[in-house]
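Please read the structure below before turning to the comments.
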Amino acid sequence: MTLTLDTPQLVKTQPLLVARNVSKSYGAVHALRDVSAVVYPGEVLGIVGESGSGKSTFLRCLNLEETPDSGSYTLDLPDVQGNLFDLDRYARRMLCATRIGIVYQNPHLGLLMHHSSSGNVAERLLVAGERRFAVLRDKASAALDASEFPLDRMDAPPVELSGGMQQRVQLAKAIALEPALLLLDEPTTGLDVSVQALVLDTLKRLQQDRRITMVIVSHDLGVIRTLSDRVMVMRRGQVVETGLADQVFQDPQHAYTQQLVHAKL
Ligand SMILES: Nc1ncnc2c1ncn2[C@@H]1O[C@H](COP(=O)(O)OP(=O)(O)OP(=O)(O)O)[C@@H](O)[C@H]1O
Ligand SMILES: [Mg+2]
527 MTLTLDTPQL VKTQPLLVAR NVSKSYGAVH ALRDVSAVVY PGEVLGIVGE SGSGKSTFLR
587 CLNLEETPDS GSYTLDLPDV QGNLFDLDRY ARRMLCATRI GIVYQNPHLG LLMHHSSSGN
647 VAERLLVAGE RRFAVLRDKA SAALDASEFP LDRMDAPPVE LSGGMQQRVQ LAKAIALEPA
707 LLLLDEPTTG LDVSVQALVL DTLKRLQQDR RITMVIVSHD LGVIRTLSDR VMVMRRGQVV
767 ETGLADQVFQ DPQHAYTQQL VHAKL
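Numbering (my numbering), first residue to last: 527 to 791.
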């Protein structure tokens, strides 16, 4: 049997996520050129690359916030069929609200900064149809707890919290509905090194305990190495290398990846 990077031998299941040839331009800027990715259930795909390489644009496409110029995207979930880029606005919104969680680098993009933290998480549950106050509060508090947020601060608005705590509120909101896919865009960038390490620990614990399928974007190789099973290296809107994390870090094939890895050492 031939082993390819798209079909790890130990994972004998269908991929959860398949994106093929995703391209997106903004005027003359080719943000993405034929980007493809495959993620298996329970796996963490890390996307690394220099600033402007298209990482966030690709993640926004996976969160159906951005419509690419071409390409396809499927998720292997019950009641979810076809190329998700073809869904109408309402269907996209419902799919994202119920099956996909996202944590942005900038908490202002993911949170209502002046509403209570518990309210931010509860809002996610409301969109999915939950209306019972006690259930909303219990579930919001459970998600905040799983994100290792101090529960005595759950009624404080994010604007009054530290950056690390704001990221935990975003994380709680993202996992409140047990999403099939968790997208993380630079979740620790801008935090103190010590806080960064704590948030990374939380993400690792969540991954180990719940086996949530994740796509994490970072320009920080340390973050990607800590969390990822597989790595995709982007440069100027293209994928230059993809492979198992150990393989990419120990034996990078592309000159750009070699440069990245050696710069980090
Ligand atoms: N909404 C937009 N309008 C115009 N250009 C955009 C838009 N979003 C992204 N771009 C451009 O697309 C390219 C890729 O941007 P993107 O934000 O995806 O890069 P990135 O890899 O996430 O970078 P960083 O590490 O700095 O976050 C850049 O040249 C950027 O200026
Ligand atoms: Mg970005």
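Heads up, the beta-carbon is just placed ideally off N, CA and C, and yes, glycines get one too.
Note that this is a predicted model, so its numbers are computed, not measured.
In terms of Cα proximity to Asp595, the closest of Ile573, Ser579, Val561, Asp605 is Val561.
Three or more Cβ pairs drawn from the region 548-566 and the region 576-593 lie within less than 8 Å of each other, which places the two stretches in contact.
Of the heavy atoms belonging to ligand 2, at least one sits nearer than 7 Å to the Cβ of Ser582.
Taken from the Cβ of Glu712, at least one heavy atom of ligand 2 lies inside 7 Å. The C-beta of Ser720 has fewer than 16 other C-beta atoms within 10 Å across all chains shown, which makes the residue exposed. The beta carbon of Cys587 sits closer than 6 Å to the beta carbons of Val548, Pro594 from its chain, once the five residues preceding and following it are set aside; these are given in chain order.
Ala669 and Ala623 do not touch by the CB rule: their CB atoms are close to 15 Å apart, not below 8 Å.
Looking at the backbone, the Cα of Ser577 and that of Leu635 are separated by about 19 Å. Just measuring C-alpha positions, the residue of Leu786, Pro676, Gly763 sitting nearest Ala554 is Gly763. Not one heavy atom of ligand 1 is found less than 7 Å from the C-beta of Tyr630. The alpha carbon of Ala682 has as its nearest neighbour, out of Leu652, Leu637, Ala660, Leu726, the alpha carbon of Leu637. Under the 10 Å beta carbon count, Gly608 is surrounded by fewer than 16 other beta carbons and is classified as exposed.
If you draw a straight line from the Cα of Leu747 to the Cα of Met620, it comes to about 33 Å. In the three-state reduction of the DSSP assignment, Ile750 falls in the helix class, which pools H, G and I. In the DSSP assignment, Gln764 falls within the beta strand (DSSP E) that extends over 764-770. Nearest C-alpha to Asp711 among Pro676, Gln696, Val606: Gln696. Taking C-beta separations shorter than 8 Å and ignoring five residues to either side along the sequence, the partners of Met680 in its chain run Ser642, Ser643, Ser644, Ala666, Ser667, Leu670, following chain order. One Cα belongs to Lys730, the other to Glu704, and the distance between them is close to 16 Å.
Selection Arg663, Gln722, Arg737, Gly689 evaluated against Ile750 yields Gln722 as nearest (Cα-Cα). Inter-residue distance for Leu708 and Arg756 is about 15 Å (C-alpha atoms, whole angstroms). For His634, the enclosing alpha helix (DSSP H) begins and ends at 633-636. Sixteen is the threshold: since fewer than 16 other Cβ atoms of the shown chains lie within 10 Å of the Cβ of Thr539, the residue is exposed.
The three-state secondary structure of Gly580, taken from DSSP, is coil. If you draw a straight line from the Cα of Gly627 to the Cα of Thr739, it is about 10 Å long. Each of Glu649, Arg694, Phe659, Val647 was checked against the Cα of Glu674, and the nearest Cα belongs to Arg694. Between Ala702 and Arg650, the C-beta spacing is below 8 Å. Residues of the same chain with a CB within less than 6 Å of the CB of Val629, apart from the 5 flanking positions on each side, are Gln696, Leu697, Ala700, Leu710, Pro713 in chain order.
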